[in-house]
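Number of protein chains: 2
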Amino acid sequence: MLRRASFLLLISAAAAMAVDIPESRLRMFKPLPQAVESQKNPITPEKVELGRLLYYENRISKSHKFSCNSCHKLDQFGVDNEPTSEGHRGQRGDRNSPTVYNAALHFAQFWDGRAADVEEQAKGPILNPVEMAMPDEKTVIATLKSMPQYVELFRKAFPQDKDPVNYENMARAIGAFERKLMTPSRWDRFLQGDKAALSDAEKAGFLKFVETGCATCHMGACVGGTMYQKLGVVKPYPGLKDEGRAKVTKREEDRFFFKVPGLRNIEKTWPYLHDGSVKTLDEAVKLMAEYELGKNLSAAEVSSIVTWLKTLTGEIPADYVKPPALPPSTAKTPKPSLTD
Amino acid sequence: MLRRASFLLLISAAAAMAVDIPESRLRMFKPLPQAVESQKNPITPEKVELGRLLYYENRISKSHKFSCNSCHKLDQFGVDNEPTSEGHRGQRGDRNSPTVYNAALHFAQFWDGRAADVEEQAKGPILNPVEMAMPDEKTVIATLKSMPQYVELFRKAFPQDKDPVNYENMARAIGAFERKLMTPSRWDRFLQGDKAALSDAEKAGFLKFVETGCATCHMGACVGGTMYQKLGVVKPYPGLKDEGRAKVTKREEDRFFFKVPGLRNIEKTWPYLHDGSVKTLDEAVKLMAEYELGKNLSAAEVSSIVTWLKTLTGEIPADYVKPPALPPSTAKTPKPSLTD
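As C-alpha cells, then:
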C-alpha cells in the first residue's frame with residue numbers, strides 16, 4: 001500500500017508539473033496594446049483629456065443624470081452589472097451594456113455591429129430616447145458651447161478647426177479616450193513570455209478552453225470581438241427573440257447572430273449574453289459549450305475554464321477612474337428636463 | 001417476440017418519418033444566386049463571352065499549354081482532382097487548386113485570401129512562374145492584341161475604353177464569366193421550399209452537420225467561404241507547415257488560418273484541404289470534427305454528414321463546359337517557350 005501511495009503521489013506530482021502550453025496554442029492570442037491607434041482619429045493627449053471629461057459629462061443627457069459612465073462605469077470594469085441599463089426616465093433598452101474597456105479593439109461596435117468604431121458608437125447613446133435622450137445634435141453642441149472651458153478644450157484638441165465644438169469632434173474626443181482604455185492582465189504577462197504568470201490550474205483551464213473549441217470564436221487580443229456568430233449555432237437557443245445582426249443587415253442569414261464578445265474582465269462583467277440573462281460565468285460557459293459547440297461540459301470542466309478566464313481580469317487604469325472636475329455650467333447652459 | 005418486433009418497426013417507421021428540419025436551422029444558409037453581381041464589374045453578355053474564351057486561352061501561358069481551365073476544369077466541377085496542380089515545365093505549387101464554381105461568392109479569394117475578388121484572383125496565375133509563367137503583363141497583352149478577333153471582343157466588352165485590350169479588362173472579363181459559374185443543387189430546391197427535394201437520410205445528415213458544429217464556420221450560400229479559421233483550432237494539426245493567412249498579413253495570430261472552403265460540390269472536388277493531403281470526403285469530415293471541433297465522430301456519423309454533403313453537388317452549366325473555338329494565332333502572336 002505504501003508503495004502504491006508513493007506511486008500515485010509521483011503521478012500527481014508529474015501531472016501538476018506537466019501543464020505546459022505549446023507555443024502553437026498561443027498564436028491565436030496576443031497581448032493588449034497600450035492603446036488602439038487610429039489613422040482617422042490619431043490619439044493626442046488633448047483629445048484624451050477632453051474625451052475623459054465628456055465621458056463623465058451628464059449635462060449631455062436630457063435629464064442631466066446620465067453620462068457614458070452611467071452604464072459603462074470605469075470603476076466597475078466598464079459595466080453596470082445590470083441585465084439592461086437604466087436610461088432616461090427609468091426606461092431600459094433590450095440589450096446588456098458591454099464593457100468599454102478594450103472595446104476599441106473590437107472589429108465593430110454594439111452587439112449587432114451597427115457602428116464601425118468607438119467614435120461612431122459614441123454618437124449613439126446620447127441621442128437614443130431610452131438612454132441619454134438628447135433631442136438632437138444641435139442641443140448637445142449648444143450645451144457644450146455654453147461652457148467656455150469646453151470651448152477652450154475643443155480648441156486645444158482640434159487646433160486646425162475653425163469651429164471645433166461639433167458633434168463629430170465630440171465623438172472623436174470620446175473615441176480617443178476610449179482607445180486608451182486597455183486592461184492588461186496576468187494573461188498578457190504570460191503571452192509576453194513570463195511562464196510563471198499563470199498557475200498550472202490556469203494553464204490547464206486555458207487548454208480546456210481551446211480543446212473545447214471556445215477559441216474558434218473567442219480569439220485575438222480581446223479573446224473575442226473579431227467576428228459575428230449565431231447564438232444557438234448547434235441548436236436553437238431557447239426563447240431567443242432578439243434578431244441581432246439581422247436587425248442591421250435585414251438579411252435572413254444574419255438572424256440571431258451577435259458580435260462574439262471579448263472575454264477580457266469577463267469575471268467582473270456579469271450578467272452575460274446580449275440580454276444579460278445569464279447571471280454567473282459558470283452558467284455562461286456551460287451554455288455556450290452546449291449551444292455553440294454541442295458539448296455538455298462537466299462542472300469540473302466548466303470550473304477549469306473559468307479558472308483561466310479569471311486571468312483575463314486586468315488592471316484598471318487608476319488615473320481614468322477618478323471622476324474629473326467638470327466645467328461649471330453658465331447661465332446659457334440648457335436646464336435639465338425630467339418630465340418629458 | 002412478435003409484439004416486440006412490431007413495436008420496433010413502429011419506432012423505426014416513426015423515426016424515418018420524423019426527420020423535419022426546423023426553419024430556425026436553415027437561416028444560416030441560402031440558395032445560390034444566378035450570378036454574383038458586382039458594382040465594380042457589372043456583368044454583361046459581351047464580357048462573359050470574352051471571359052469564357054480567355055478562361056480557356058492557353059496562349060497566355062509561357063508554354064501555350066496552360067489556361068485557367070487546366071487546373072480549374074469546368075467539366076470536372078472546377079478542379080483537377082490533384083493534390084497540387086501541374087504548371088509551367090511540370091512545376092507544382094504547394095496548395096490545392098480550389099474549384100472555380102461558386103467561388104465568386106466567397107468573401108476573399110485564394111486559400112489565404114490574398115485577392116479580394118475573382119477579378120483580382122484572375123491576374124495571379126497567369127504571371128506566377130510555377131503556373132502559367134508569363135513574363136509580364138505586357139507580353140500577355142501583346143499576345144491578345146496579336147489576334148484581331150480578341151481586339152474586337154475587348155472593344156465590344158469595354159465600349160467606353162479607348163484602348164480596351166489591357167490587363168485590367170482581361171481580369172474583368174474573366175471575373176464576369178466566373179460570376180456566372182453557379183451550380184444550384186437539390187439543396188437549393190430544398191431551401192426554396194421543396195421539402196421533398198431531400199430524403200430523410202439527407203435531412204438527418206444536415207442536422208448532424210449542424211449539431212456537430214460544422215456550421216460554425218461552414219455557413220451561407222456556399223456553406224463556407226465567409227471567414228478564415230485556424231486549421232487545428234482545438235489541437236495542432238499534424239505536420240502543418242503552410243502558415244496560411246499569416247503569409248499575407250505577417251501577423252502571428254493568423255498563423256495556420258485558411259479561408260474556410262465552400263462545400264458546394266465537395267463530393268466531386270477531392271482531394272481535400274489547402275494542400276490536397278486528404279483523399280476521401282469521409283476522412284476530411286472526420287479530421288475536421290477532430291481538429292476543428294474536438295469531436296470524435298463515429299463512422300455512422302461521418303457517413304450521415306457525407307450523405308447530406310452530397311446534396312450540394314450541383315448542375316454544371318453545360319453551355320460553359322464545352323471548350324470554345326479560340327481566335328486563330330497570327331504571325332504576330334508570340335511563340336511558346338518550352339525550355340525556360
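First to last, the protein sequences are chains G and P. The opening position of the first sequence corresponds to residue 1 in the working numbering, with each subsequent residue numbered one higher. The opening position of the second sequence corresponds to residue 1 in the working numbering, with each subsequent residue numbered one higher. Where is the CB? At the ideal position from N, CA and C, for every residue including glycine.
- Return the residues of the stretch 186 to 219 of chain P that lie within a Cβ-Cβ distance of less than 8 Å from chain G, sorted by chain order. So the list reads V210, E211, T212, G213, A215, T216, C217 and M219, given in the order they occur along the chain.
- The beta strand (DSSP E) with G:Y228 in it runs from where to where? From DSSP, the beta strand (DSSP E) with G:Y228 extends over Y228 to K230.
- For the beta strand (DSSP E) that G:F257 lies in, which residues bound it at each end? F257 to K259 is the span of the beta strand (DSSP E), which, as asked, contains G:F257.
- Counterpart residues of P:A115 in DSSP-defined beta bridges: Under DSSP, P:A115 takes part in a beta bridge, and its partners are P:Q109.
- Message: Please classify G:R92 as buried or exposed, where buried requires at least 16 neighbouring CB atoms within 10 angstroms.
- Response: G:R92 is exposed by the Cβ-count criterion.
- Task: Compile a chain-ordered list of the residues in the stretch 264 to 288 of chain P whose CB is closer than 9 Å to at least one CB of chain G.
- Result: Taken residue by residue, none of the stretch 264 to 288 of chain P has a beta-carbon sitting less than 9 Å from a beta-carbon on chain G.
- Query: Would the beta-carbon of P:F154 fall within 8 Å of that of P:L50?
  - Reply: With contacts defined as CB atoms closer than 8 Å, P:F154 and P:L50 qualify as a contacting pair.
- Own chain, CB closer than 6 Å to P:S146, minus 5 neighbours either side, in chain order: Short of 6 Å from the beta carbon of P:S146, and not among the five residues preceding or following it, lie these beta carbons of its own chain, in chain order: T330, K332 and T333.
- Message: For chain P, check one thing: does any of its Cβ atoms lie closer than 8 Å to the Cβ of G:F301?
- Response: The sequence shown places Glu at residue 301 of chain G, not Phe. It does not: the Cβ of G:E301 has no partner Cβ on chain P nearer than 8 Å.
- Selected residue, minimal CA-CA separation from G:E131, among G:R95, G:A142 and G:V48: When the alpha-carbon of G:E131 is set against those of G:R95, G:A142 and G:V48, the nearest one is in G:R95.
- Task: Identify the contact partners of P:V100 in chain G, using a Cβ-Cβ distance below 8 Å as the criterion.
- Result: Per Cβ cutoff of 8 Å: no residues; P:V100 is ~23 Å from chain G at best.
- Query: If you check the beta carbons only, do P:G213 and G:V223 fall under 8 Å apart?
  - Reply: It is not a contact, given that the beta carbons lie outside the stated cut-off.
- Task: Kindly indicate which residue of P:I141, P:D117 and P:P45 has the alpha-carbon position closest to the one of P:I126.
- Result: The shortest Cα separation from P:I126 among P:I141, P:D117 and P:P45 belongs to P:I141.
- Quick one: which chain G residues come within Cβ less than 8 Å of P:K335? Chain G residues near P:K335: none, gap ~48 Å exceeds 8 Å.
- Query: Using DSSP with H/G/I as helix, E/B as strand and the rest coil, what is P:G51?
  - Reply: In the structure shown, P:G51 sits in a helix (DSSP, three-state: H, G or I).
- Message: Can you check which of these residues, P:V306, P:P324, P:G205 and P:P271, is closest to P:E57 by C-alpha distance?
- Response: Selected option, being the one with the closest Cα: P:P324.
- Item | Contacts of P:Q34 in chain G (Cβ-Cβ under 9 Å) | None at all; the shortest Cβ gap to chain G is about 18 Å.
- Query: Which same chain residues, not among the five before or five after G:A215, have their C-beta less than 7 Å away from its C-beta?
  - Reply: Hits under 7 Å: M28 and F209.
- Message: Which residues in chain G have a C-beta closer than 9 Å to the C-beta of P:E119? List them in chain order.
- Response: Taking a Cβ-Cβ cut-off of 9 Å, P:E119 has no neighbours in chain G, whose nearest Cβ is about 24 Å from it.
- Message: Determine, for P:P159, whether the minimum Cβ-Cβ distance to residues of chain G falls below 8 Å.
- Response: For P:P159, the closest Cβ of chain G is not nearer than 8 Å.
- Message: If the criterion is Cβ atoms closer than 8 Å, does the pair G:V19 and G:K247 meet it?
- Response: Contact: no.
- Could you check the C-alpha separation between G:L326 and G:H88 for me, to the nearest Å? Their Cα atoms are separated by approximately 21 Å.
- Given a threshold of 16 other Cβ atoms within 10 Å of its Cβ, counted over all protein chains shown, does G:M296 qualify as buried or as exposed? Rather than Met, the amino acid found at residue 296 of chain G in this sequence is Asn. In this structure G:N296 is exposed. Its beta-carbon is surrounded by fewer than 16 other beta-carbon atoms within 10 angstroms.
- If P:E283 and P:K310 are in contact, beta carbons under 8 Å, what's the gap, nearest whole angstrom? Not a contact, Cβ separation roughly 15 Å.
- Euclidean distance between Cα positions of P:F77 and P:S303: Cα to Cα, P:F77 sits roughly 22 Å from P:S303.
- According to DSSP, residues forming a beta bridge with G:G244: G:F257, per the DSSP bridge assignment.
- Since G:I174 is in the alpha helix (DSSP H), which residue starts that stretch and which ends it? It spans Y167 to E178 - the alpha helix (DSSP H) in which G:I174 sits, taken as one unbroken run.
- Check whether the Cβ atoms of P:A404 and P:V118 sit closer than 8 Å, and answer yes or no. This structure leaves residue 404 of chain P out entirely; chain P is present only between 1 and 340.
- Between the Cα of G:Q39 and those of G:R179, G:M288, G:T313 and G:L312, spot the shortest distance and give me the residue it belongs to. Cα-wise, what sits closest to G:Q39 is G:R179.
- Message: Tell me the rounded alpha-carbon separation between G:A13 and G:A201.
- Response: With a pLDDT of 46 at G:A13, under the threshold of 50, the modelled position of that residue is not reliable, and the figure given next carries that caveat. C-alpha separation (whole angstroms): 13 Å.
- Query: Counting contacts by CB-CB distance shorter than 8 Å, is P:P28 in contact with chain G?
  - Reply: Residue identity check: residue 28 of chain P is Met in the sequence provided, not Pro. By this cut-off, P:M28 is an interface position.
- Nearest candidate by alpha-carbon position, reference G:F105, set G:N166, G:G205 and G:G175: In the sequence under discussion, the amino acid at residue 105 of chain G is Leu, which differs from the Phe named in the question. Relative to G:L105, the option among G:N166, G:G205 and G:G175 whose CA is nearest is G:G175.
- Message: Would P:K230 and P:F256 be called neighbours here (beta carbons separated by less than 8 Å)?
- Response: Pairing P:K230 with P:F256 gives a Cβ-Cβ distance under 8 Å.
- Message: I'd like the list of long-range same chain contacts for P:G220, defined as Cβ closer than 6 Å, with 5 residues on each side in sequence excluded.
- Response: Counting only Cβ-Cβ distances below 6 Å, and skipping sequence neighbours, we find T226.
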